[in-house]
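This report concerns only the one structure given below.
In the working numbering, the protein residues as written are 31 to 691.
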């Protein structure tokens, strides 16, 4: 299900009218018309106003605002404000406040400040959402529902008494017999065998490491509790307003570690994502592209919604850098290029008070005389010209394997090196593919991957037997797989697969690993190509695989660093280290072997993405860039290009593409 309105690309953002007097609210709708705003999110943090005391609901103030928006052609994504329980509720039910792993109960005053397992919180949630749904069903302005806000951030896991009770019930449903739990957790290690469910506590902070299988299950449980709280609200809203889609906003697909979005995707009618630039990262547009590609992938390739991003600086990073001229436009159009049917901001008008008063808004503190406002108005005009893109898709020939459970398991305590982190390898491979001008999807290792020419597994530490067989079938059928080090090591219980590493992948890769040789901090080894490598080395023993490149020095000098195993109609490549400079060249070798087509000779400051018959050319550099091999009519100025297209520094050109002569 997808919102039928507004037509074209949705434009707007979070609107918090409770912060402003009437005269400002009347000005806001005038400015919304000027900018081309057609959708706003309302009510996300307004529980205290909607229900000023238990059981007494006050929607009159909200009625007035929604009616004013509707009269001015602005549709409403109506939020349920459960991320901000009111003071009266917490005072009456202090046990809903979450408890940290260290045993500290947090105080009131933040957000996401109630445990999703707490019965009083769930009861109050259901009461409020039912009242909200009954009041606004049938209102012509309300086109979709927005449940809660950014589940899992900052509250991922809670260790309160309600969580522990729900955890024990969850374990009983999963394992049925306590002997099965003991087997799955390897409970004979350190004498942790349980004889009764009541003996099991949450994996609280300890003076040493805690059972990793228990911690992995607790991550699954905690994420599931948030999904239950979401589904409680969704089901009420579906009952009362069956024609309206229901969603929640992810706290940045690539950055919210605690939420398994493959699981969440099954629960949402439309995928909605928030993304904020890492301001001090020079190439932060690559992280943006990665987040957008992952959002599209979680959506199953269908269009998704950019629910929040910033017009300028944010307020919560160590140094909150303002966006440079043109950067907000590039950011916004890059999300659209990669599948978003919306460009929404936090927030419409910058706040004068509260924790986020230094966070930018579409209307900044500097007002409508500012360059930022002029860019906002221009972007609205651009998006109207892109209305025909709505509903179209992005196609990719290459996929990256992303599994949140492997992410959780890899980053538990006592791994062979502190440098083994999930995002480090994912970022490295994604960046190399981005600079190679390859558009990628992300996939779960158990998904149907038969449609991709190349699949890359940068960090698959946890890999089930079923997923390993899926990868095996993919290669035998003609696919090309590239696996990076420390993959296929453990099963779903964080138990090492039997035999030599890489356990689940030995036969597929045609090799075994005799011993890991993690490198010291700042230590490098040299490959036979002359390229340096870091972090990792290991003793690879081919068993059918052929050596493509070796270690020239270091603990594994003379042994393979890159191998290829031809299997069936395809091939499986394995990389046993982290090249410092050569990863892009290595990936190009695999892409060429698999016949992946891509632009050649473009500078890596140019982002080129195709969506729905359009080609987006986004120049992130400070010099003009010329792209060969594209032709068509510019969407923004109507100019026809039959040959090279020059994109000015910092600019975006979008062509309705025609075949090149």
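Yeah, the Cβ is synthetic: ideal placement off N, Cα and C, and Gly gets one too.
Cβ neighbours of residue i in the same chain (closer than 6 Å, five flanking residues each side left out)
i: residue 731; result: Residue 731 is absent from the model: the chain starts at 31 and stops at 691.
i: residue 604; result: 513, 539 and 593
i: residue 146; result: 255, 256 and 259
i: residue 174; result: 33, 107, 274 and 275
i: residue 510; result: 484, 600, 601 and 624
i: residue 268; result: none
i: residue 42; result: 67, 69, 70 and 374
i: residue 634; result: 465
i: residue 148; result: 126 and 192
i: residue 65; result: 406, 407 and 410
i: residue 167; result: 270 and 271
i: residue 75; result: 111 and 114
i: residue 504; result: 479
i: residue 526; result: 520
Alpha carbon of residue i to alpha carbon of residue j, nearest angstrom
i: residue 180; j: residue 140; result: 13 Å
i: residue 662; j: residue 372; result: 24 Å
i: residue 532; j: residue 515; result: 9 Å
i: residue 347; j: residue 224; result: 44 Å
i: residue 54; j: residue 375; result: 19 Å
i: residue 474; j: residue 423; result: 20 Å
i: residue 290; j: residue 673; result: 45 Å
i: residue 398; j: residue 357; result: 18 Å
i: residue 52; j: residue 72; result: 16 Å
i: residue 687; j: residue 468; result: 18 Å
i: residue 607; j: residue 219; result: 31 Å
i: residue 453; j: residue 460; result: 10 Å
i: residue 621; j: residue 337; result: 34 Å
i: residue 669; j: residue 683; result: 11 Å
i: residue 562; j: residue 320; result: 26 Å
i: residue 49; j: residue 381; result: 7 Å
i: residue 535; j: residue 458; result: 22 Å
i: residue 93; j: residue 286; result: 34 Å
i: residue 340; j: residue 435; result: 30 Å
i: residue 455; j: residue 217; result: 31 Å
i: residue 437; j: residue 400; result: 43 Å
i: residue 477; j: residue 501; result: 9 Å
Residue j beta carbon less than 8 Å from that of residue i
i: residue 569; j: residue 543; result: yes
i: residue 177; j: residue 276; result: yes
i: residue 282; j: residue 315; result: no
i: residue 324; j: residue 284; result: yes
i: residue 636; j: residue 677; result: yes
i: residue 447; j: residue 487; result: no
i: residue 105; j: residue 36; result: yes
i: residue 116; j: residue 77; result: yes
i: residue 351; j: residue 396; result: no
i: residue 575; j: residue 595; result: yes
i: residue 439; j: residue 491; result: yes
i: residue 470; j: residue 429; result: yes
i: residue 209; j: residue 253; result: no
i: residue 335; j: residue 657; result: no
Own chain residues within Cβ distance below 7 Å of residue i, not counting five before or after
i: residue 251; result: 197 and 200
i: residue 185; result: 128 and 142
i: residue 650; result: 315, 360, 635 and 637
i: residue 119; result: 154
i: residue 415; result: 665 and 666
i: residue 262; result: 152, 155 and 156
i: residue 102; result: 59, 62 and 63
i: residue 266; result: 156, 159, 160 and 163
Rounded distance between the beta-carbons of residue j and residue i, thought under 8 Å
i: residue 361; j: residue 318; result: 6 Å
i: residue 614; j: residue 462; result: 4 Å
i: residue 417; j: residue 38; result: 3 Å
i: residue 392; j: residue 378; result: 5 Å
i: residue 322; j: residue 295; result: Between residue 295 and residue 322 the Cβ distance is about 15 Å, and since that is not below 8 Å, they are no contact.
i: residue 443; j: residue 130; result: So it is not a contact: roughly 17 Å between Cβ atoms.
i: residue 591; j: residue 557; result: 5 Å
Chain-order list of residues whose beta-carbon lies under 8 Å from that of residue i (same chain, five-residue window excluded)
i: residue 685; result: 644, 645, 647, 660, 661, 662, 663, 664, 665, 671 and 675
i: residue 215; result: 222, 241, 243, 244, 247 and 523
i: residue 641; result: 366, 367, 368, 369, 419, 422, 423 and 424
i: residue 626; result: 427, 428, 468, 483 and 484
| query | Does the stretch 124-134 come close enough to the stretch 95-108 to have 3 or more Cβ pairs within less than 8 Å? | reply | no
| Touching by the beta-carbon criterion (3+ pairs, under 8 Å), the stretch 113-126 and the stretch 159-176 | no
| request: Would you check if there are 3 or more beta carbon pairs closer than 8 Å linking the stretch 544-560 to the stretch 576-588? | output: yes
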